[in-house]
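Accompanying notes for the structure given below.
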Amino acid sequence: MNEIRIAPSILAWNLGNLGEAVRISVEGGADQVHLDVIDGHFAPNITFGPGTVKALRPLCDLKFDTHLMIENPMQYAEKFLEAGSDLLTCHAEVLDGRSFDQLYGVVNGRKKELGLALKPGTPLPTWAESRLDKISTLLVMTVNPGFSGQTMDMSVMPKLKEVSSLVSARGLGTDIEVDGGVEPDNVHRVVKCGGNVLVAGAGVYSKRDPVKAISALREKAEKAKLG
Ligand code: DX5
Ligand code: ZN
């Protein structure tokens, strides 16, 4: 399993002050900042676009983990990369082998990383299985995309185990990111099932002390990895 990485999702903070959310991530020692881009078509919410990513970019050196919950990732990929995204994670539900290859060309051409996300009910498609070596991060959603603060859907755990076993069996270094309802009381289970990148929106930003919440999550995750 890859190293544990904590990825606070700034969607859970006051959207009028995302700079502060980024500063909290830095202060808490987060490994990457999770940026949820939603277009109102792929999921029932509208968040922010490349302009916001660009405005936040000078605030830190942390990896910008951009989760594109949008219908047409190809149309915007270049714009997010130009704005400063390091990892672009696109959804399997709007891709096929051909469009994935196109996206990979764009992202890899800029020496950035491409991730693939799965909604709770979506299995890993065959076209993706045969392209696993091109996917730097497999993002397993444990809530339906749209909003922060939902409860984790535990029925996704078998799929999480399956994809993480597949990655290990192939000897790949793919990160397994878990997104949706990650909290101190379920992080142990998530890591045991193979998750190493832990997205937390409410699990960080709704806590009384969000800075401390980041290290608290990390401690629990590291313990689960060792134990
Ligand atoms: C949901 C987003 C998640 C969400 C996480 O559409 O992809 O990243 O903001 O927030 P919590 O951890 O509160 O579920
Ligand atoms: Zn997300």
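The sequence shown begins at 0 in numbering that gives the first Met the number 0 and counts up one residue at a time. Idealized CB from N, CA, C, for every residue including glycine.
Short of 7 Å in beta carbon distance, which residues of its chain neighbour residue i, apart from the five on each side in sequence? Order them along the chain.
i           : result
residue 185 : 151
residue 169 : 131
residue 92  : 118, 121
residue 143 : 118, 119
residue 21  : 9, 32, 55, 58, 59
residue 140 : 116, 117, 118, 119, 178, 179
Let me confirm a value: residue i is counted as buried when at least 16 other C-beta atoms fall within 10 Å, else exposed. Which label applies?
i           : result
residue 49  : buried
residue 69  : buried
residue 60  : exposed
residue 40  : exposed
residue 45  : exposed
residue 284 : Residue 284 is absent from the structure shown; the chain starts at 0 and stops at 226.
residue 27  : buried
residue 96  : exposed
Using a Cβ-Cβ cut-off of 6 Å (strictly less than) and excluding sequence neighbours within five positions of residue i, which residues of its own chain qualify?
i           : result
residue 192 : 156, 159, 160
residue 138 : 88, 114, 116, 176, 178
Could you tell me how far apart the beta carbons of residue i and residue j are, in whole angstroms, since I believe they sit closer than 8 Å?
i           : j           : result
residue 3   : residue 201 : With a Cβ gap of about 19 Å, residue 3 and residue 201 do not count as contacting.
residue 108 : residue 134 : Actually they are not in contact, since the Cβ atoms of residue 108 and residue 134 sit about 16 Å apart, beyond 8 Å.
residue 0   : residue 222 : Contact flag wrong, Cβ pair sits at about 14 Å.
residue 11  : residue 148 : 7 Å
residue 162 : residue 123 : 6 Å
residue 244 : residue 99  : Given a span of 0 to 226 for the chain in the structure shown, any question on residue 244 remains unanswerable.
residue 52  : residue 82  : 4 Å
residue 42  : residue 145 : 4 Å
Return the first residue and the last residue of the beta strand (DSSP E) that residue i is part of.
i           : result
residue 61  : No beta strand (DSSP E) holds residue 61; DSSP gives it neither H nor E.
residue 171 : Counting along the chain, residue 171 falls outside any beta strand (DSSP E), and DSSP gives it neither H nor E.
residue 189 : Careful: residue 189 lies outside any beta strand (DSSP E), inside the alpha helix (DSSP H) at 186 to 191.
residue 6   : 4 to 7
So residue i is in the alpha helix (DSSP H); what residue range does that whole segment cover?
i           : result
residue 216 : 209 to 225
residue 198 : First-last for residue 198: 196 to 199, but that is the beta strand (DSSP E), not the alpha helix (DSSP H).
Could you pull out every residue in the same chain whose Cβ sits closer than 8 Å to the Cβ of residue i, ignoring the five residues on either side in sequence?
i           : result
residue 25  : 58, 59, 61
residue 182 : 151, 199, 201, 202
In chain order, each alpha helix (DSSP H) run of at least 4 residues that lies wholly inside the segment 75 to 132: Every unbroken stretch of the alpha helix (DSSP H) spanning 4 or more residues and falling wholly within the segment 75 to 132 is given here in chain order: 96 to 108, 125 to 128.
Alpha helix (DSSP H) segments (min. 4 residues) lying fully within the segment 15 to 53: 17 to 26, all fully within the segment 15 to 53.
Every unbroken beta strand (DSSP E) within the segment 133 to 173, with a cutoff of 3 residues, ordered by chain: Listed in chain order, the beta strand (DSSP E) runs fully inside the segment 133 to 173 are 136 to 140, counting runs of at least 3 residues.
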